[in-house]
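> Protein chains in written order, with our numbering: chain L, 562 to 693; chain V, 562 to 693; chain H, 562 to 693. A virtual CB, placed ideally from N, CA and C, is assigned to each residue, including glycine.
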Amino acid sequence: MRTLPVTTARREQLVDITRAVQETVSALGCRDGICHVHCAHTTAGLTVNENADPDVVHDMLLSLDDMVKNLRGFRHGEGNSTAHVKSSLMGAHVSVPIADGRLALGKWQALSFCEFDGPRQRHVWMTCTPSL
Amino acid sequence: MRTLPVTTARREQLVDITRAVQETVSALGCRDGICHVHCAHTTAGLTVNENADPDVVHDMLLSLDDMVKNLRGFRHGEGNSTAHVKSSLMGAHVSVPIADGRLALGKWQALSFCEFDGPRQRHVWMTCTPSL
Amino acid sequence: MRTLPVTTARREQLVDITRAVQETVSALGCRDGICHVHCAHTTAGLTVNENADPDVVHDMLLSLDDMVKNLRGFRHGEGNSTAHVKSSLMGAHVSVPIADGRLALGKWQALSFCEFDGPRQRHVWMTCTPSL
């Protein structure tokens, strides 16, 4: 298992970590299999989505904010309950196929770290499992 | 890694791909492990849910539509921001156990491709990793 | 593949299954790899989130309830469509890295079974794949 640091700069942000993950896959020498990336935090997550137009990221964060409202009934003392919910909606992990040493992603796909309670110093854990 | 084509017929649709995935697992000869399926698109996703009653699919799409609203603040020029958000909510991949050569799914579970910006010609990538 | 029973006591509930999953990882003797956990039901799911403050669980269930409304247009006869939607939002599986025989989870992370249509007797399936 390898640790990759991720530094976030804002309260909510998507950070494209595709390149760093690819470099680690290459360093590990995995040719074919699955690359598993785990977010070790409960107010952040991971997703695979658009890599090109930053407006998609803007719209994604706006949509999550509209969807996950700050409710009167919330009890959690830290006041970041919406960040926990968004974390579970995106998920704490993604896994991506590795084919011939490269992450297999669609033309418009990137692997992004989703910060919902930053800015913070974060990290993800990477594990590669070989395929048949 | 194997590629499976998926043809969608409507703007939003769930396509049950369980049988095609099972056939590929059998062709690969995987007995025990994990079958990973990756959706290579940013306006579609994958989920494991009800296989029997088509009304559940209807209600799922209706609910996602109610939840992910077309907001005034959206900037993405293509006008399909809700499809990107729904893609991340469902997720770009699912993985399913393989036991004795068969996908291990619950009695009512199917593996479905989720189209949110069709109709289109789509594809998924399949990878099998053996278990201990 | 190993089966772990999960008993739920309420209509909606998060059950922390981290300890039971860890015990099975130890019993299987997996040192390094990925632990895959599959929820075999369509009105329940799995997530990795806060392990410490029960108020986070309360707020998570409240938020999902606010987000996934019981719509007039629903057709599914069993009346549990929101449970199916919440199931897909959380996801039917999680996978967690295993490092040196231990589930690699962040300080505040737990692996939780998400019941949305209980109380019921449920089960999850566990599979371990070794890493490079």
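Among V/Arg633, V/Asp616, V/Arg683 and V/Arg592, which one has its Cα closest to the Cα of V/Phe674?
The count along the second sequence starts at 1 and reaches residue 674 of chain V at position 113. Checked all of V/Arg633, V/Asp616, V/Arg683 and V/Arg592; the closest Cα to V/Phe674 is V/Arg683.
> Closer than 8 Å, CB to CB, is L/Trp669 near chain V or not?
Taking the first sequence and counting its residues from 1, the one referred to as residue 669 of chain L is at position 108. It does; some Cβ of chain V falls within 8 Å.
> Apart from the five residues just before and just after L/Phe677, which ones in its own chain have a Cβ nearer than 7 Å to its Cβ?
Taking the first sequence and counting its residues from 1, the one referred to as residue 677 of chain L is at position 116. Cβ within range, chain order: Glu573, Thr604, Ala605, Ala644, Lys647 and Ser648.
> Enumerate, from N- to C-terminal direction, the unbroken alpha helix (DSSP H) stretches of 4 or more residues contained entirely within the stretch 615-641 of chain V.
The stretch 615-641 of chain V contains these whole alpha helix (DSSP H) runs: 615-628.
> CA-CA distance, V/Arg563 and L/Leu666?
Here the question's residue 563 of chain V lines up with position 2 in the second sequence. Here the question's residue 666 of chain L lines up with position 105 in the first sequence. If you take the alpha carbons of V/Arg563 and L/Leu666, they lie about 14 Å apart.
> Quick one: complete alpha helix (DSSP H) runs, 4+ long, within the stretch 564-614 of chain H?
The stretch 564-614 of chain H contains these whole alpha helix (DSSP H) runs: 579-589.
> Can you tell me the Cα-Cα spacing of L/Lys668 and L/Glu611, whole angstroms?
Stepping through the first sequence from its first residue, residue 668 of chain L is reached at position 107. Stepping through the first sequence from its first residue, residue 611 of chain L is reached at position 50. Approximately 9 Å between the Cα atoms of the pair.
> Going along the chain, which residues of its own chain have a beta-carbon closer than 8 Å to the beta-carbon of H/Ile595, five neighbours each way excluded?
As a first step, residue 595 of chain H must be located in the third sequence, where it is residue number 34. Ser656, Val657, Pro658, Ile659, Cys689, Thr690 and Ser692, listed in sequence order.
> Tell me, to the nearest whole angstrom, how far the beta carbon of L/Arg636 is from that of H/Asp627; I am working on the premise that it is less than 8 Å.
The residue given as residue 636 of chain L occupies position 75 in the first sequence. The residue given as residue 627 of chain H occupies position 66 in the third sequence. The Cβ separation is near 14 Å, so there is no contact.
> Does V/Ser692 come out as helix, strand or coil in the three-state DSSP assignment?
Start at 1 with the first residue of the second sequence, and residue 692 of chain V comes out as number 131. If DSSP states are grouped into helix, strand and coil, V/Ser692 belongs with coil.
> Rounding to the nearest angstrom, what Cα-Cα distance links H/Val586 and H/Asp593 in this structure?
One-based indexing of the third sequence puts residue 586 of chain H at position 25. One-based indexing of the third sequence puts residue 593 of chain H at position 32. Computed Cα separation, rounded: 10 Å.
> Pull the bridge partners of V/Ala660 from the DSSP assignment, please.
Counted from its first residue, the second sequence places residue 660 of chain V at position 99. In DSSP, V/Ala660 forms a bridge with V/Arg663.
> Spell out whether any CB of chain V is found under 8 Å from the CB atom of L/Val646.
In the first sequence, counting from the first residue as 1, residue 646 of chain L sits at position 85. L/Val646 does not count as touching chain V.
> Exposed or buried, which one is H/Asn641 when buried takes at least 16 other CB atoms within 10 Å?
Here residue 641 of chain H corresponds to residue number 80 of the third sequence, with the count starting at 1. With 16 or more other Cβ atoms within 10 Å, it is buried.
> Note the first and the last residue of the continuous beta strand (DSSP E) segment covering V/Ala653.
Locating residue 653 of chain V in the second sequence gives position 92, where the first residue counts as 1. Taken as a continuous stretch (DSSP letters only), V/Ala653 belongs to no beta strand (DSSP E), as it is neither H nor E.
> What does V/Pro566 reach in chain H if we use C-beta pairs closer than 8 Å?
Reading the second sequence from its first residue, position 5 is the one you call residue 566 of chain V. Ordered by position in chain H, no residue passes the 8 Å Cβ test against V/Pro566, which lies about 23 Å from the chain.
> Could you check which residue in L/Ala581, L/Thr608, L/Val582 and L/Gly634 has the C-alpha nearest to that of H/Leu623?
As a first step, residue 623 of chain H must be located in the third sequence, where it is residue number 62. Measuring from the Cα of H/Leu623, the nearest candidate turns out to be L/Gly634.
> Can the beta-carbon of L/Val618 be found less than 8 Å from the beta-carbon of L/Val598?
Counting from 1 along the first sequence, the entry for residue 618 of chain L is found at position 57. Counting from 1 along the first sequence, the entry for residue 598 of chain L is found at position 37. No, these two residues do not count as a Cβ contact at 8 Å.
> Identify the continuous beta strand (DSSP E) that holds L/Phe674 and give its terminal residues.
Reading the first sequence from its first residue, position 113 is the one you call residue 674 of chain L. Here the beta strand (DSSP E) through L/Phe674 covers Gln670 to Glu676.
> Buried or exposed, going by whether 16 or more other CB atoms sit within 10 Å of the CB of V/Asp661?
Position 100 of the second sequence, counting from 1, holds the residue named residue 661 of chain V. Exposed, since its Cβ has fewer than 16 Cβ neighbours within 10 Å.
> So which residues on chain V does L/Thr690 lean against when the C-beta distance must stay under 7 Å?
Position 129 of the first sequence, counted from the start, is the residue given in the question as residue 690 of chain L. Under the 7 Å cutoff, chain V gives Thr690.
> If we call anything under 8 Å between Cβ atoms a contact, is L/Gly652 one with H/Gly652?
Along the first sequence, read from residue 1 onward, the residue named residue 652 of chain L stands at position 91. Along the third sequence, read from residue 1 onward, the residue named residue 652 of chain H stands at position 91. Taking 8 Å as the Cβ cut-off, L/Gly652 and H/Gly652 qualify as a contacting pair.
> What does DSSP give as the partner residue(s) for V/Met562 in the beta ladder?
Reading the second sequence from its first residue, position 1 is the one you call residue 562 of chain V. Beta-bridge pairing links V/Met562 to no other residue.
> Cβ of H/Arg681 within 8 Å of Cβ of H/Thr569?
Here residue 681 of chain H refers to the residue found at position 120 of the third sequence. Here residue 569 of chain H refers to the residue found at position 8 of the third sequence. Against a cut-off of 8 Å, the Cβ pair of H/Thr569 and H/Arg681 comes out as a contact.
> Which one of H/Leu632, H/Asn631 and H/Met621 has the shortest CA to CA distance from L/Lys630?
Here residue 630 of chain L is taken as the residue at index 69 of the first sequence, counted from 1. It is H/Met621.
> Can you name, in chain order, every residue of its own chain whose Cβ lies under 6 Å from the Cβ of H/Leu575, other than the five neighbours on each side?
For the purposes of this step, residue 575 of chain H is taken as residue 14 along the third sequence, with counting starting at 1. Within the same chain, H/Leu575 has close Cβ partners Val618, Ser673 and Cys675.
> Which residues of chain L have a Cβ atom closer than 7 Å to the Cβ of H/Ser656, listed in chain order?
Residue mapping note: residue 656 of chain H aligns to position 95 of the third sequence, counting from 1. Those are His597, His654 and Ser656, listed as they occur along chain L.
> Is the shortest distance between the beta-carbon of H/Met562 and the beta-carbons of chain V less than 8 Å?
Working through the third sequence from its first residue, we reach residue 562 of chain H at position 1. Closer than 8 Å to some Cβ of chain V, the Cβ of H/Met562 qualifies, so yes.
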